[in-house]
Amino acid sequence: MSILYLRFLKGLVRMNKFFWLDKQRGIAKTYTDLISDLISIKTVPHFLNHDNPYELYVSLLASVVFSRNVDIVDTDLSRTEKENLGIGKNHDYEMDFSELVEALDSPKKLVNLVLSAANSWRLGIYTSGTTGRPKRIEHTMESLTRACKIGDKYSDNVWAFAYNSTHFAGLQVFFQAFLNLNTIVYIFETTPSRILPTIEESSVTHISATPTFYRSFVFTSEKANERVLGVTMGGEKFDTSLVERISSIFPNARIRNIYASSEAGSLFASTGDVFTIPTRFSGKVLIGDDGELLIHKSLLGISDDIILEGEWYHTGDVVERLDENTFRFISRKTEMINVGGYKVNPHEVEKAIRAIEGVLDVRVFGRSNRVTGNIVVAEIVAKNTEVKPYIENEISQLNKHLRSWKVPRIVNFVDSIEQTRTGKKVRK
Amino acid sequence: MVFEKLLRIINSIMKKKGEQELSAHYLTENSSLRNDIGFDSLDLAELTVRIEDEFGIDIFEHGNVDTISEILKRLGENE
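Listed in order, the protein sequences are those of chains A and E. For the first sequence, counting from 1, position 179 maps to 178 in numbering that gives the first Met the number 0; every step adds exactly one. For the second sequence, counting from 1, position 53 maps to 52 in numbering that gives the first Met the number 0; every step adds exactly one.
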């Protein structure tokens with residue numbers, strides 16, 4: 000069999016390989032379907048605002064092909080946050096794929112076209128950031144795909160997609176899979192009892208998710224899955240009991256912990272709780288005198304919202320240096336509450352509660368637990384006893400204004416709010 | 000007694016979610032918090048904190064729990 004014929008066969012397999020499987024929405028698209036959906040696009044809006052992740056990524060790829068800068072609207076942003084960021088004043092980019100039909104006659108050519116956009120295309124994404132105020136970060140194809148591994152040995156991978164598709168972590172999984180023409184199995188919105196069966200039925204080999212996502216399904220099943228070879232987690236403190244459980248459910252998987260942020264993308268990986276600074280980041284990662292991890296601006300996306308000190312970005316993560324190139328996480332420096340990987344700014348929640356009639360003072364803080372890391376708790380000084388049921392009811396209605404994980408799950412009424420000696424509220 | 004207290008805690012969460020409260024008859028030992036009662040991660044997090052406040056026990060300390068009987072076992076009352 001000639002090499003050319005082998006290549007032709009390989010190409011055929013790629014064309015018919017599934018690109019996107021989303022059982023809940025009844026979507027099963029091959030790479031051929033992707034290309035035909037792509038070339039039928041006539042316009043793409045500047046603000047990509049899709050509830051359907053497949054449509055979002057098709058629009059995104061179209062914007063890359065035509066080098067049109069777009070923003071992905073984070074589905075977690077509230078209406079007020081969107082208004083404050085100026086999201087909504089939309090305009091459409093017209094696209095004419097007719098001249099590209101030939102250039103896009105194979106999935107491999109689409110991948111090459113996307114990769115060639117290295118620095119000519121910009122994507123804006125939004126993040127809760129270390130202060131809780133959403134920040135806009137701009138990425139290039141180069142910064143988005145820096146951590147992606149491309150090569151023949153990755154071509155048979157099947158990825159479970161377990162992040163919000165508008166978040167940076169989701170984009171990283173998308174590009175890792177797409178650039179290797181892998182199948183992506185969307186499980187982010189799958190009910191927990193259906194996650195393991197879906198992974199099994201779709202022959203998933205790799206999963207990346209937050210510890211909270213893994214916790215939602217690995218403990219309720221005893222059945223081992225031997226096909227999964229790679230499990231990646233990040234976004235929360237390392238949890239040994241969870242890692243042990245994941246190892247028993249996925250006995251053949253290499254489990255990696257990732258330190259990543261929307262500002263910088265994936266930076267460090269570890270197999271336990273000890274992170275190694277890769278030699279290519281030499282001189283670009285510092286640990287300050289107070290133990291805070293500092294990242295050099297050359298490793299960051301582009302943003303006016305990222306505050307630098309000199310050339311360094313302060314991550315707010317306090318680490319313990321173990322030797323020249325390794326460290327372990329200790330805590331967060333900021334007051335942000337981490338609820339299942341989502342950062343909650345206590346000041347934002349306090350402001351919303353203070354607006355409720357009858358509330359004299361309020362303190363919002365995190366209460367640790369093994370399910371989501373933390374939940375939000377509020378201590379309230381009420382004007383009088385009669386008004387307390389009203390306040391409780393108003394707080395349970397706060398999800399109209401705040402995202403669900405920001406709404407206090409526990410409300411305690413107190414006589415006064417404890418303060419530190421400097422007059423600040425005690426958060427822990 | 001423990002069961003009644005547990006039911007009260009579960010129902011306080013159901014009520015906030017705007018869902019119908021459960022009767023002692025409906026809740027069986029094998030009821031799954033996630034699959035039968037419909038608790039998500041935030042509901043479970045609230046449940047574990049409320050149970051810890053009431054009983055002084057972290058039910059997730061030694062791994063996951065999902066059914067009512069597993070919680071009762073952790074609370075030292077395997078009915």
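All C-beta atoms in this analysis are idealised placements derived from N, C-alpha and C, irrespective of residue type, glycine included. All of these numbers come straight from a predicted model, not from anything done at the bench.
Chain-ordered neighbours of residue i on chain A, where CB pairs are closer than 8 Å
i: serine 40(E); result: Thr211, Arg214, Ser215, Gly339, Val370 and Thr371
i: phenylalanine 82(E); result: The structure shown does not extend to residue 82(E), since chain E is modelled only from 0 through 78, so no value can be given for it.
i: glycine 55(E); result: Chain A residues near glycine 55(E): none, gap ~14 Å exceeds 8 Å.
i: asparagine 29(E); result: Per Cβ cutoff of 8 Å: no residues; asparagine 29(E) is ~13 Å from chain A at best.
i: isoleucine 62(E); result: A small correction: the amino acid at residue 62(E) is glycine; isoleucine does not occupy that position in the sequence shown. Ordered by position in chain A, the residues that pass the 8 Å Cβ test against glycine 62(E) are Phe218, Ser240 and Arg244.
Secondary structure of residue i, DSSP reduced to three states
i: valine 63(A); result: helix
i: arginine 255(A); result: strand
i: histidine 346(A); result: helix
i: glutamate 308(A); result: strand
i: threonine 129(A); result: The predicted position of threonine 129(A) is uncertain, since its pLDDT is 48 and thus under 50; a value taken from the coordinates is nonetheless stated next. Note: threonine 129(A) maps to coil in three-state DSSP.
i: leucine 74(E); result: coil
i: glycine 315(A); result: strand
i: leucine 178(A); result: helix
i: threonine 66(E); result: strand
i: threonine 421(A); result: The predicted position of threonine 421(A) is uncertain, since its pLDDT is 41 and thus under 50; a value taken from the coordinates is nonetheless stated next. If DSSP states are grouped into helix, strand and coil, threonine 421(A) belongs with coil.
i: arginine 7(E); result: helix
i: phenylalanine 267(A); result: strand
i: lysine 387(A); result: helix
i: tryptophan 120(A); result: coil
i: arginine 408(A); result: coil
i: alanine 354(A); result: coil
i: asparagine 337(A); result: strand
i: alanine 23(E); result: coil
i: threonine 278(A); result: helix
i: phenylalanine 173(A); result: helix
i: asparagine 488(A); result: In this structure chain A extends from 0 to 427, so residue 488(A) is not present and cannot be described.
i: leucine 299(A); result: coil
i: phenylalanine 59(E); result: coil
i: serine 142(A); result: helix
i: isoleucine 329(A); result: strand
i: valine 57(A); result: helix
i: isoleucine 416(A); result: coil
Span of the alpha helix (DSSP H), counted from its first residue to its last, around residue i
i: arginine 135(A); result: From DSSP, arginine 135(A) is part of no alpha helix (DSSP H) but of the beta strand (DSSP E) over 134-139.
i: serine 40(E); result: 40-54
Neighbouring residues, chain E, relative to residue i (Cβ below 9 Å)
i: threonine 278(A); result: In chain order: nothing, as chain E lies at least about 38 Å away.
i: isoleucine 409(A); result: Glu45, Val48, Arg49 and Asp52
Amino acids of chain E, ordered along the chain, whose beta-carbon sits closer than 8 Å to that of residue i
i: tryptophan 404(A); result: Leu41
i: isoleucine 194(A); result: Near isoleucine 194(A) there are no residues of chain E at all, since even the closest Cβ is about 11 Å away, more than 8 Å.
i: isoleucine 306(A); result: The premise fails here: isoleucine 306(A) is roughly 31 Å from chain E at the closest Cβ pair, so nothing lies under 8 Å.
i: isoleucine 374(A); result: Leu41, Ala44, Glu45 and Val48
Interface residues of chain A facing residue i [CB-CB closer than 7 Å]
i: lysine 15(E); result: Ser395
Per-residue contacts from residue i into chain C (C-beta, under 9 Å)
i: serine 58(A); result: Looking at the structure shown, chain C is missing, and the protein chains on hand are A and E.
Residue i CB to nearest heavy atom of the ligand FMN below 7 Å
i: aspartate 65(E); result: The ligand FMN is absent from the structure shown, which contains no ligands of any kind.
Residue i, enclosing beta strand (DSSP E) - first and last residue
i: aspartate 21(A); result: 17-21
i: isoleucine 149(A); result: Per DSSP, isoleucine 149(A) belongs to no beta strand (DSSP E) and is neither H nor E.
i: threonine 31(A); result: Threonine 31(A) -> not in any beta strand (DSSP E); alpha helix (DSSP H) instead, spanning 30-38.
i: valine 376(A); result: 372-381
i: valine 69(A); result: 69-71
i: glutamate 323(A); result: It is not in any beta strand (DSSP E) - glutamate 323(A) carries neither H nor E in the DSSP assignment.
i: valine 43(A); result: 42-44
i: alanine 159(A); result: 157-160
i: glutamate 291(A); result: 291-295
i: isoleucine 286(A); result: 284-286
Per-residue contacts from residue i into chain E (C-beta, under 7 Å)
i: proline 191(A); result: Arg33
i: isoleucine 40(A); result: The premise fails here: isoleucine 40(A) is roughly 35 Å from chain E at the closest Cβ pair, so nothing lies under 7 Å.
(message) Check whether the region 306-325 of chain A and the region 203-210 of chain A touch, using three or more Cβ-Cβ pairs below 8 Å as the test.
(response) Result no; under three Cβ-Cβ pairs closer than 8 Å.
(message) Under 8 Å, with one C-beta from each stretch per pair, do the region 77-89 of chain A and the region 53-69 of chain A reach the 3-pair mark?
(response) They do not touch, by the three-pair rule.
(message) Give the list of continuous alpha helix (DSSP H) stretches no shorter than 4 residues that lie fully inside the region 78-113 of chain A.
(response) The qualifying runs are 78-83.
(request) Check whether the region 361-368 of chain A touches the region 389-401 of chain A, counting contact only when three or more Cβ pairs, one atom from each stretch, lie closer than 8 Å. (result) The region 361-368 of chain A, when compared against the region 389-401 of chain A, does not touch it at the 8 Å Cβ threshold.
(message) Assess contact between the region 146-158 of chain A and the region 177-185 of chain A, defined as three or more Cβ pairs (one per stretch) separated by less than 8 Å. Is contact present?
(response) Of all C-beta pairs linking the region 146-158 of chain A to the region 177-185 of chain A, three or more are shorter than 8 Å, placing the two stretches in contact.
(request) Could you tell me whether the region 212-221 of chain A touches the region 253-270 of chain A, using the rule of 3 or more Cβ pairs below 8 Å? (result) In this structure the region 212-221 of chain A does not lie against the region 253-270 of chain A, because fewer than three pairs of beta carbons, one per stretch, are closer than 8 Å.
(message) To test your reading of the DSSP string, which unbroken alpha helix (DSSP H) runs of 4 or more residues are found completely within the region 182-257 of chain A?
(response) Complete alpha helix (DSSP H) runs here, min 4: 191-200, 210-217 and 239-248.
(message) Taking contact to mean 3 or more Cβ pairs, one atom from each stretch, closer than 8 Å, check whether the region 323-330 of chain A and the region 354-364 of chain A are in contact.
(response) With a cut-off of 8 Å, the region 354-364 of chain A and the region 323-330 of chain A do not count as touching, because too few Cβ pairs lie within range.
(message) Under 8 Å: do the region 343-359 of chain A and the region 18-32 of chain E share three or more Cβ pairs, one atom per stretch?
(response) Judged by Cβ distances under 8 Å, the region 343-359 of chain A makes no contact with the region 18-32 of chain E, as fewer than three pairs qualify.
(message) For the pair the region 39-48 of chain A and the region 80-90 of chain A, tell me if three or more CB-CB distances fall below 8 Å.
(response) Contact holds: three or more Cβ-Cβ distances are below 8 Å.
(message) Check whether the region 60-70 of chain A and the region 14-23 of chain A touch, using three or more Cβ-Cβ pairs below 8 Å as the test.
(response) Judged by Cβ distances under 8 Å, the region 60-70 of chain A makes no contact with the region 14-23 of chain A, as fewer than three pairs qualify.
(request) Would you be able to state if there are at least three C-beta pairs under 8 Å between the region 105-120 of chain A and the region 2-11 of chain E? (result) Because the criterion of three Cβ pairs below 8 Å is not met, the region 2-11 of chain E and the region 105-120 of chain A do not touch.
(message) Across the region 220-232 of chain A and the region 49-65 of chain E, are there enough close Cβ pairs to call them in contact, namely three or more that are closer than 8 Å?
(response) Using a C-beta cut-off of 8 Å, the region 220-232 of chain A makes no contact with the region 49-65 of chain E, since fewer than three inter-stretch Cβ pairs fall below that distance.
(message) Does the region 248-264 of chain A come into contact with the region 277-284 of chain A, if we say contact requires no fewer than three beta-carbon pairs (one atom in each stretch) closer than 8 Å?
(response) Fewer than three beta-carbon pairs drawn from the region 248-264 of chain A and the region 277-284 of chain A are found closer than 8 Å, and the two stretches are therefore not classed as touching.
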